[in-house]
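> Numbering (my numbering), first residue to last: 83 to 502.
Cβ atoms here follow ideal geometry from the backbone N, Cα and C, with glycine treated the same way.
Have a look at this one before I ask anything.
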């Protein structure tokens, strides 16, 4: 009996660091794939809706729909992870995203906007799962290394995230050869990438990080080797920490999605093609994820609060630059979108670390899923409002408003720091 499953479990428990390294490798592989799926859809979603509807005012609707879909998926993935572990929750989320990608392709072929919107809602499950995976990287990490563990998972999205938008034009050509509208081409890549990410997790994410973390915690409690210290590490800053962590991620998501969504449309209106907007979005997504190792180190070394405040300042700089950049300047728009991605990265890594520090293992996945619902709803609001705002005013007004809104992070961080 000792040579079967229980022995394997014991071996894993005796070397949690080795298990963490394996888990991070698997998560990195899945994030590379899912990054391509996420980025491809973001690049052309607004353009596809604009083409089918013939109006700019609803061009933000696709972003709103797949972020709203990600809100529902965040709840489901969080609850499945809470009860059965990260592996089934994440795999099911990516598989749902693949189904949504297939639905977008069918909608484009049929020129059916209603089906398009339903499919984009389902496609949002991939976005939610891509974000939820960062929590899995922190489940077994020591408190002083959680931000770096989160950043390792996030940075893996960079490769696929940068490649995805730059494949918009080639996949569009490939789609046209198959009799599919060119703008739906990137969703062929999305569907395949999400399906492969689901397969990688379902087969290789063993041991399950959340289940193993709970087993380790129970073993430590039974051995009376940690006691109150372990509880203190998990409870962290208390309820105030949950509120602050959620606020940081909600505001950064709202601003980032609003400006990012309308940038390809803004560029298209100034005569730029899909390749140029794909390049700008690729730079943006690279800036969202590539700095993650440095951000994780900064958060663990200098504290969650300082990096959260830096997020607000960076997003303000992005909004001002995007507003001031001439519409025909790809270079300045790319720099603005890079700052936008960097500000989002600061907010996500610091906010995630705050949440993970605060919530105990017993309810961690469920609470994380609930927080990600708020993030997704913020993204949906930003995506929907962005098109309406640009139609009523202009892209520069949208960008500047987003930058100013991000400054709300500073008093929230200051108030929390003062209470501590």
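1) Using only the alpha-carbon positions, how far apart do residue 193 and residue 469 sit?
2) When you compare only the Cα positions, how much space is there between residue 346 and residue 153?
3) Check whether the segment 259-277 touches the segment 163-180, taking contact to mean three or more Cβ pairs, one atom from each stretch, closer than 8 Å.
4) Can you give me the Cβ contacts of residue 284 inside the same chain, cut-off strictly under 6 Å, excluding the 5 residues immediately before and after it?
5) Do the CB positions of residue 349 and residue 423 come within less than 9 Å of each other?
6) For residue 114, which residues of its own chain have a beta-carbon under 6 Å away from its beta-carbon, when the five flanking residues on both sides are left out?
7) Using only the alpha-carbon positions, how far apart do residue 228 and residue 235 sit?
8) Roughly how far, in whole angstroms, is the beta-carbon of residue 197 from the beta-carbon of residue 184, given that I think they are within contact range, below 8 Å?
9) Would residue 111 and residue 286 be called neighbours here (beta carbons separated by less than 9 Å)?
10) Suppose you measure from the CA of residue 392 to the CA of residue 130; what does that come to, to the nearest Å?
11) In whole angstroms, what separates the C-alpha of residue 307 from that of residue 222?
12) Report buried or exposed for residue 165, applying the criterion of at least 16 other Cβ atoms within 10 angstroms of its Cβ.
13) Report the three-state DSSP secondary structure of residue 311 (helix, strand or coil).
14) Could you give the distance in angstroms between the alpha-carbon of residue 146 and the alpha-carbon of residue 438?
15) Do residue 167 and residue 214 have their C-beta atoms closer together than 9 Å?
16) Give a yes or no on contact between the segment 290-299 and the segment 438-448, applying the rule of three or more CB pairs nearer than 8 Å.
17) My output table needs one value for residue 490: the three-state DSSP class, helix, strand or coil.
18) Using the rule of at least 16 other Cβ atoms within 10 Å of the residue's Cβ for burial, across every protein chain shown, is residue 260 buried or exposed?
19) Around the Cβ of residue 304, are there at least 16 other Cβ atoms within 10 angstroms (buried) or fewer (exposed)?
20) Does the segment 471-485 come close enough to the segment 372-390 to have 3 or more Cβ pairs within less than 8 Å?
21) Distance, Cα to Cα, residue 400 vs residue 477?
22) Would residue 156 and residue 462 be called neighbours here (beta carbons separated by less than 9 Å)?
23) For residue 441, name the three-state secondary structure that DSSP assigns.
24) Alpha carbon to alpha carbon, how far is residue 203 from residue 417? Give it in angstroms, no decimals.
25) Kindly indicate which three-state DSSP category residue 262 falls into: helix, strand or coil?
26) Does the separation of the CB atoms of residue 329 and residue 494 fall below 9 Å?
27) Quick check on the burial criterion: 16 or more other C-beta atoms within 10 angstroms. Buried or exposed for residue 252?
28) Going straight from the alpha carbon of residue 451 to that of residue 434, what length do you get?
Quick look at the numbers:
1) 21 Å
2) 24 Å
3) Counting C-beta pairs closer than 8 Å gives three or more between the segment 259-277 and the segment 163-180, which meets the contact rule.
4) 173
5) no
6) Excluding the 5 residues flanking it on each side, residue 114 has same chain C-beta neighbours closer than 6 Å at 238, 241 and 242, in chain order.
7) Taken atom to atom, the span from the alpha-carbon of residue 228 to that of residue 235 is near 11 Å.
8) About 11 Å separates the two Cβ atoms, so there is no contact after all.
9) Yes, the pair counts as a contact, with Cβ atoms nearer than the cut-off.
10) 35 Å
11) Because the pLDDT of residue 307 is 46, which lies under 50, any placement of that residue in the model is unreliable, and the number read from its coordinates should be weighed accordingly. Near 17 Å, if we compare the C-alpha coordinates of residue 222 and residue 307.
12) exposed
13) Low per-residue confidence applies at residue 311: pLDDT is 42, beneath 50, and the placement is therefore not dependable enough to give any value.
14) The straight-line gap from Cα to Cα measures roughly 27 Å.
15) Cβ distance not < 9 Å, so residue 167 and residue 214 don't count as in contact.
16) yes
17) coil
18) Label assigned to residue 260: exposed.
19) exposed
20) Cβ pair count under 8 Å is below three, so no.
21) 13 Å
22) Not closer than 9 Å, so no.
23) coil
24) Their Cα atoms are separated by approximately 30 Å.
25) Correct three-state label for residue 262: coil.
26) yes
27) exposed
28) 12 Å
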